[in-house]
Structure formats: structure tokens, C-alpha cells
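Q: Following this message is one structure expressed as C-alpha cells.
2 protein chains.
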Amino acid sequence: MTTDCLSDTFSALADPTRRAILARLALGELSVGELARPFKISGPAITKHLKVLQRVGLITRSRHAQWRPCRLEAKPLQEVAAWVEEYRRYWDESFDRLDDYLAELQKKEKHEHNR
Amino acid sequence: MTTDCLSDTFSALADPTRRAILARLALGELSVGELARPFKISGPAITKHLKVLQRVGLITRSRHAQWRPCRLEAKPLQEVAAWVEEYRRYWDESFDRLDDYLAELQKKEKHEHNR
DNA sequence: TGCGAATGTAACCAAATGGTTATTTAATTA
DNA sequence: TAATTAAATAACCATTTGGTTACATTCGCA
């Protein structure tokens, strides 16, 4: 854990088990047991992965009886998206045209609002 | 280095020095020495970072005399962007509306092409 | 009250990571 | 050819990471 938010988020995402956990949580809340079921690793290993995800804010936990269900919190992914978008021009040849389209989009959106 | 491309890319991006290197390369090719200048870490440390970036395809190297300049290759970032976009709906309330807009966009694009 | 199930903590381990200094390789130039 | 410069490699080190097993905690319920 650094003081660098984005590094921690990337680091949390650099593990396939953790990304699989996020993918499953995208379909709804799950308890640790439910979450662990498809993986062959031990419970404590799952707990550790959840700690990592929670520390960077990618999940939150609640309590119902002896279950502590996990919920996806995608805000940190927004920062990742923002970071990577800065580089879009370097892989997307039609970046400038897409840029034009987005500008167009905004104009249209304003138009909708004023209607 | 795993067999999992996306994990390796995220892992490469999880270091602030490496992201700073990419940011500088976004402005153009640079030699190792030029690249190293703003950082307080040793040359070999930079070389190691470059190896990591090269292994996941985020940079390529060429040779001119005793210099081995680095060049940004953003394709792996495209995969990151694609992965993270899947989660946009979980942070962006207006995702569905945006989705509509993108569909609209495609229609417009077709229209342009047929013009 | 006390058992059982869900989860977390402790202690440990091997491998990977990010850094170092010292040495080597490769290319330019005097 | 010898000296200089750019970069890579080697060998090493401390820390972090992702896993394990054994034990502890917390809660619902018979």
C-alpha cells in the first residue's frame, strides 16, 4: 500500500483471482463462502484478496448474521478509465474523429435538455 | 510474468515510476539516459523498469549508435480500457443513456460513410 | 448453554519485486 | 588502438505477495 491511489488500484487489479471476484460481484452481492466456491484456493487466501480489494475501495462489506457480504464499488475503476483514456490517441487512429463525435454528443445532449 | 496478459499489464502499470516513464514517452521517443534523468533511482533500476514495460508490449526499443531509444506502444492499454469499460455502468449513472448515444454515433458514422 | 457454520487472524513459507553497487558490453571518437 | 560514453548484466538484499495450516471469533439455533 503506497500513498499512490492509482498504483494501489492497478496492483489490486493485477491478480486474476481478484478480477474474477469483481466480475462475480458485478452480478450482485455475495458472501465470502459463495465467492470462494469457484476457486480452488483456501478461505484465508480469499479473505486476503478481499482485504486488498477493500483497502483500495473496490468493494465494501456489510453484516448479516455471520455473513459479511461483499459489494462491488466501481469508483476506483473510474480513475483507471480516466487514466487510460489519456492514451487513447496512441492506439486509436480515429481518436480525433471520435473526439469530434464526443463534442457533437455534448451539443446534442444540451439540445435534449433544452427541449 | 504469468500466462495472463491482462494481469501482467496491470502489474506493469502498478508502479508510479513506470507510469511516469510512459507519460514521458507519450511526448516522443527517449533514450534510457534521457528517460532516467528526472528520477533519483539508479540506471539499472530504470533498465529493469524498461524490461517490464517491454515484456508486456508497452514499449519497443530500437538502436541508434550506443543509444537504445524507447517508444510507447499503447496497444496493451487498449485491452485495459476494454476491460474497465465493462464496469462503466457501475459508476456511471448515465451509462444507459451514454450507451444510446454510442449506438446513435454508429448510425451517424455509417451515414457518413455512405455519403 | 453450547454446537456448528461462516469468517477472520496468526504464523509461517517460497517466490517475486524493486532497489543497490560493481562489472561488462558495445559504440563513438580522439 | 585507447579512452569515453550508454546501457545491460550480475550478484546481492530487504520487502511484499500469495499461498498454506492451525486456531480464534462471532453469530444463529437446537
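Chains as they are written, first to last, in our numbering: chain W, 1048 to 1162; chain R, 1048 to 1162.
Note that beta-carbon positions come from the ideal geometry of N, C-alpha and C, so glycine has one too.
#1: Using the Cα positions of Trp1138 of chain W and Val1127 of chain R, report the straight-line distance between them to the nearest angstrom.
#2: CB Cys1117 of chain R to CB Leu1060 of chain R, shorter than 7 Å?
#3: For Ser1058 of chain R, count neighbouring Cβ atoms within 10 angstroms of its own Cβ and tell me buried if that reaches 16, exposed if not.
#4: Give me the subset of the stretch 1119 to 1131 of chain R whose CB atoms are less than 7 Å from a CB atom of chain W, sorted by chain position.
#5: Do the stretch 1066 to 1076 of chain R and the stretch 1089 to 1103 of chain R touch if we need at least three Cβ pairs shorter than 8 Å?
#6: Can you give me the start and stop residues for the beta strand (DSSP E) that Ile1106 of chain W sits inside?
#7: Taking the C-alpha atoms as reference points, what is the distance between Leu1053 of chain R and Ile1106 of chain W?
#8: Who are the near neighbours of Trp1130 of chain R in its chain, counting only those whose CB is closer than 7 Å to its CB and skipping five residues on each side?
#9: Interface residues of chain R around Ala1092 of chain W at Cβ under 8 Å?
#10: Quick check: what's the CA-CA separation for Gly1104 of chain R versus Thr1049 of chain R?
#11: Leaving aside the five residues before and after Leu1082 of chain R along the sequence, list all residues of the same chain whose C-beta is less than 7 Å from its C-beta, in chain order.
#12: Name the residues in the stretch 1054 to 1082 of chain R whose C-beta lies less than 9 Å from a C-beta of chain W; which are they?
#13: Rounded to whole angstroms, what is the Cα-Cα separation between Glu1140 of chain W and Arg1110 of chain R?
#14: What's the C-alpha gap between Thr1056 of chain W and Glu1120 of chain W?
#15: With Leu1119 of chain R as the anchor, note down where its beta strand (DSSP E) starts and where it stops.
#16: Closer than 9 Å between beta carbons: that is the criterion. Which residues of the stretch 1098 to 1109 of chain W meet it against chain R?
#17: Identify the contact partners of Trp1114 of chain W in chain R, using a Cβ-Cβ distance below 9 Å as the criterion.
#18: Measuring alpha carbon to alpha carbon, tell me which residue in R:Lys1095, R:Gln1125, R:Arg1135, R:Glu1133 is nearest Glu1133 of chain W.
#19: Taking DSSP as the reference, what is the three-state secondary structure of Trp1130 of chain R?
#20: How should Arg1084 of chain W be labelled, buried or exposed, when 16 other C-beta atoms within 10 angstroms of its C-beta is the threshold for buried?
#21: DSSP three-state label for Leu1100 of chain W, please.
#22: According to DSSP, what are the bridge partners of Trp1114 of chain R?
A: The structure says:
#1: Counting from one through the first sequence, the residue named residue 1138 of chain W turns up at place 91. Counting from one through the second sequence, the residue named residue 1127 of chain R turns up at place 80. Their backbone Cα atoms lie some 12 Å apart in a straight line.
#2: Within the second sequence, numbered from 1, the residue matching residue 1117 of chain R stands at position 70. Within the second sequence, numbered from 1, the residue matching residue 1060 of chain R stands at position 13. No, Cβ-Cβ distance for Cys1117 of chain R and Leu1060 of chain R is not below 7 Å.
#3: Start at 1 with the first residue of the second sequence, and residue 1058 of chain R comes out as number 11. By the neighbour-count rule (16 or more Cβ atoms within 10 Å), Ser1058 of chain R is buried.
#4: Taking 7 Å as the upper bound on Cβ-Cβ separation, chain W lies near residues Leu1119, Ala1121, Lys1122, Leu1124, Gln1125, Val1127, Ala1128, Val1131 of the stretch 1119 to 1131 of chain R.
#5: Enough Cβ pairs lie closer than 8 Å, so yes.
#6: Locating residue 1106 of chain W in the first sequence gives position 59, where the first residue counts as 1. From DSSP, the beta strand (DSSP E) with Ile1106 of chain W extends over 1106 to 1108.
#7: Counting from 1 along the second sequence, the entry for residue 1053 of chain R is found at position 6. Counting from 1 along the first sequence, the entry for residue 1106 of chain W is found at position 59. Each residue's alpha carbon lies about 20 Å from the other.
#8: To locate residue 1130 of chain R, count along the second sequence from 1; it is residue 83. Taken in chain order, the residues that qualify are Leu1053.
#9: Counting from one through the first sequence, the residue named residue 1092 of chain W turns up at place 45. Near Ala1092 of chain W there are no residues of chain R at all, since even the closest Cβ is about 16 Å away, more than 8 Å.
#10: Along the second sequence, read from residue 1 onward, the residue named residue 1104 of chain R stands at position 57. Along the second sequence, read from residue 1 onward, the residue named residue 1049 of chain R stands at position 2. Going by the C-alpha atoms only, they are around 14 Å apart.
#11: One-based indexing of the second sequence puts residue 1082 of chain R at position 35. For Leu1082 of chain R, where only same-chain residues beyond five positions count, the Cβ hits under 7 Å are Ile1068, Arg1071, Ile1093, Cys1117.
#12: Cβ contacts with chain W come from Ser1054, Asp1055, Thr1056, Phe1057, Ser1058, Ala1059, Leu1060, Ala1061, Asp1062, Pro1063, Arg1066, Leu1069, Ala1070, Ala1073.
#13: Mapped onto the first sequence, residue 1140 of chain W falls at position 93. Mapped onto the second sequence, residue 1110 of chain R falls at position 63. Their backbone Cα atoms lie some 26 Å apart in a straight line.
#14: Locating residue 1056 of chain W in the first sequence gives position 9, counting from the first residue. Locating residue 1120 of chain W in the first sequence gives position 73, counting from the first residue. Spanning the two alpha carbons is a distance of roughly 12 Å.
#15: Along the second sequence, read from residue 1 onward, the residue named residue 1119 of chain R stands at position 72. First-last of the beta strand (DSSP E) with Leu1119 of chain R: 1117 to 1119.
#16: none
#17: As a first step, residue 1114 of chain W is located in the first sequence; it is residue number 67 there, counting from the start. In chain order: nothing, as chain R lies at least about 22 Å away.
#18: Residue numbering aside, residue 1133 of chain W sits at position 86 when the first sequence is read from its first letter. Of the listed residues, the one whose Cα sits closest to Glu1133 of chain W is R:Gln1125.
#19: Here residue 1130 of chain R corresponds to residue number 83 of the second sequence, with the count starting at 1. Helix.
#20: Along the first sequence, one-based indexing puts residue 1084 of chain W at 37. Counting Cβ neighbours within 10 Å, Arg1084 of chain W comes out exposed, since fewer than 16 surround it.
#21: Locating residue 1100 of chain W in the first sequence gives position 53, where the first residue counts as 1. DSSP places Leu1100 of chain W in helix when its eight states are reduced to three.
#22: As a working mapping, residue 1114 of chain R is identified with position 67 in the second sequence. Trp1114 of chain R is bridged to R:His1111.
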